[in-house]
Amino acid sequence: MRTQVAIIGAGPAGLLLGQLLHRKGIDAIIVEQRSPDYVLSRIRAGVLEQGAVGLLEEAGVGARMHKEGLIHDGTELTFDGRRHRIDFKRLVGQTVMVYGQTEVTRDLMDARTACGAKTIYNAENVTLVDYASDTPKVTYQQDGVTHEITCDFIAGCDGFHGVSRKSVPNSAISLFERVYPFGWLGILSDTPPVSDELIYANHQRGFALCSMRSLTRSRYYIQCGMDTQIEDWSDDRFWDELRLRLPPETAEQLVTGPSIEKSIAPLRSFVAEPMRFGNLFLAGDAAHIVPPTGAKGLNLAAGDVHYLSTAFEEFYTGKSRAGIDGYSQKALTRVWLAERFSWWMTSILHNFPDNGDFGQRIQEAELDYLFSSNAAMTSLAENYVGLPY
Ligand code: FAS
Ligand code: PHB
105 MRTQVAIIGA
115 GPAGLLLGQL
125 LHRKGIDAII
135 VEQRSPDYVL
145 SRIRAGVLEQ
155 GAVGLLEEAG
165 VGARMHKEGL
175 IHDGTELTFD
185 GRRHRIDFKR
195 LVGQTVMVYG
205 QTEVTRDLMD
215 ARTACGAKTI
225 YNAENVTLVD
235 YASDTPKVTY
245 QQDGVTHEIT
255 CDFIAGCDGF
265 HGVSRKSVPN
275 SAISLFERVY
285 PFGWLGILSD
295 TPPVSDELIY
305 ANHQRGFALC
315 SMRSLTRSRY
325 YIQCGMDTQI
335 EDWSDDRFWD
345 ELRLRLPPET
355 AEQLVTGPSI
365 EKSIAPLRSF
375 VAEPMRFGNL
385 FLAGDAAHIV
395 PPTGAKGLNL
405 AAGDVHYLST
415 AFEEFYTGKS
425 RAGIDGYSQK
435 ALTRVWLAER
445 FSWWMTSILH
455 NFPDNGDFGQ
465 RIQEAELDYL
475 FSSNAAMTSL
485 AENYVGLPY
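Numbering (this note's numbering), first residue to last: 105 to 493.
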């Protein structure tokens, strides 16, 4: 098989890149190791920046998002029993879209099927060959047969555990990482959300987040230890703990019900530099991970894909390599700004066992300052709604 861009991974980064390239008349084949159902079964992000909304519209998949998605003008942060609203619209004139990653992925999958573009699912032993040469290839196996895709470029959109980044020798890549001493225990339930907007709660028992997927489906998280076992957390135990971490008047409003999904996500900050190696380009979680506290993971993937699809378009139409040569630096500048914001949101909202009394006082001072300063709230707002591409 021959294509212009071989994309590894059919998560949001790979599918969005595929759609944007298709709309630009650039041929791409996506190679995915799992089945479509498995990809859709992973419950992940829930908040889209305006930039990501625009890219999904550009990819031709904005209709259901605008029909079913929820526009949020702000978010609530609570600590010390107090509630504070960050009004994005008043502070920075922008909003965010609450529309689950599962639905984004489904819309992109449907659009790719509709346009007849090639996606290979259940691909085994995906291997990058000669990615630094002018004749890069991707091979994979299916039903015991080895297949080869020759291409101009390879886009590694295969997530944190994918093969792309790991195909690069240690001598050619720098890794930056911080693993947090806790995770998030998340629950999905077909119950009405406890509030119209998201609630980020700092509590002495641990962080909690009240989110949603629609007006009838809620997503909740509580900070948990790294050794937490799902089987130790019945629904009732989760709901009781969540209530304890919310202001009393909010806890009273909580509508509980059976979980339809329950999972634990580890929290880490991670960046691989550079994001380009010859004709291999990393995008999304393959290149960086953020703690989900700032709702940046999916949105960073969208930003990478914006830069990369624009770069490929410049190459194929304008015969310019400027975008390709500048991709890594441009993407990493935005990545590190989101890494900073996600680290900061995590640091002010979670319990850190080793913070000590001084660290606890500093966290309280951060929150006191945040809620007493228009400038501080504006800074949070402009980062949360998304910095410009
Ligand atoms: P993805 O990991 O989504 O997709 C990569 C794809 O590549 C997968 O389909 C995988 O099967 C495939 N793949 C892997 N190895 C391969 C190989 N060798 N060959 C072929 N295909 C291969 N972000 C938020 O903003 N908010 C959240 O609440 C949030 N929660 C998260 C919870 C979890 C458990 C995880 C892991 C991430 C979470 N994220 C969250 C971040 C998440 O949304 C990512 O940012 C987003 O999925 C990034 O999309 P991709 O870069 O496409 O990577
Ligand atoms: C979610 O709805 O899953 C969600 C929302 C905001 C976050 C993290 C997760 O910061």
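Even glycine gets a Cβ: it sits at the ideal position worked out from N, Cα and C.
Just so you know, these numbers come straight off a predicted model, no measurement behind them.
Asked, Found
"Cβ contact (3+ pairs, closer than 8 Å) linking the region 394–404 and the region 148–157", "yes"
"Same chain only: Cβ atoms within 7 Å of Thr223, ignoring 5 sequence neighbours per side", "Ala114, Ile134, Glu136, Arg216"
"Inter-residue spacing [alpha-carbon to alpha-carbon] between Ile190 and Pro296", "22 Å"
"Cβ of Ala369 within 7 Å of any chain D Cβ", "Given the protein chain composition of this structure (a single chain), no chain D is represented."
"The region 193–208 contacting the region 167–181, beta-carbon criterion three pairs below 8 Å", "yes"
"Length of the line joining the Cα atoms of Gly164 and His410", "14 Å"
"Spatial neighbours of His307 in its chain, beta-carbon cut-off 7 Å, leaving aside the 5 residues before and after", "Arg349"
"With 16 other Cβ atoms within 10 Å as the buried cut-off, status of Glu443", "buried"
"Chain-order list of residues whose beta-carbon lies under 7 Å from that of Thr522 (same chain, five-residue window excluded)", "The chain is shown from 105 up to 493; residue 522 falls before or after that span and cannot be answered."
"Quiz: which residues have CB nearer than 5 Å to the ligand PHB non-hydrogen atoms", "Gly150, Val151, Ser315, Arg323, Pro396, Ala399"
"Meets three-Cβ-pair contact criterion under 8 Å: the region 460–469 and the region 122–129", "no"
"DSSP beta-bridge partners of Tyr304", "Leu181, Leu313"
"CB contact flag (Val130, Phe416, <7 Å)", "Before going on, a small fix: residue 130 reads as Ile here, not Val. Yes, the Cβ-Cβ distance between Ile130 and Phe416 is below 7 Å."
"Distance between beta carbons of Ala117 and Ala387, contact taken as under 8 Å", "5 Å"
"Nearest residue (CA-CA) to Thr107, options Cys255, Pro240, Gly178, Gln246", "Cys255"
"Where the alpha helix (DSSP H) containing Arg210 begins and where it ends", "205–219"
"Tyr473 versus Ala480: straight-line alpha-carbon distance, rounded", "7 Å"
"Which residues DSSP lists as bridging Cys328, in chain order", "Gly287"
"Nearest candidate by alpha-carbon position, reference Val109, set Arg347, Gln246, Ala221", "Ala221"
"Three-pair Cβ contact test at 8 Å for the region 438–452 versus the region 360–378", "yes"
"Every unbroken alpha helix (DSSP H) within the region 331–400, with a cutoff of 4 residues, ordered by chain", "339–349, 352–355"
"Where Ala236 falls, given that 16 or more other Cβ within 10 Å makes a residue buried", "exposed"
"Boundaries of the alpha helix (DSSP H) in which Tyr235 is found, first to last residue", "Careful: Tyr235 lies outside any alpha helix (DSSP H) and carries neither H nor E."
"Span of the alpha helix (DSSP H), counted from its first residue to its last, around Asp141", "140–145"
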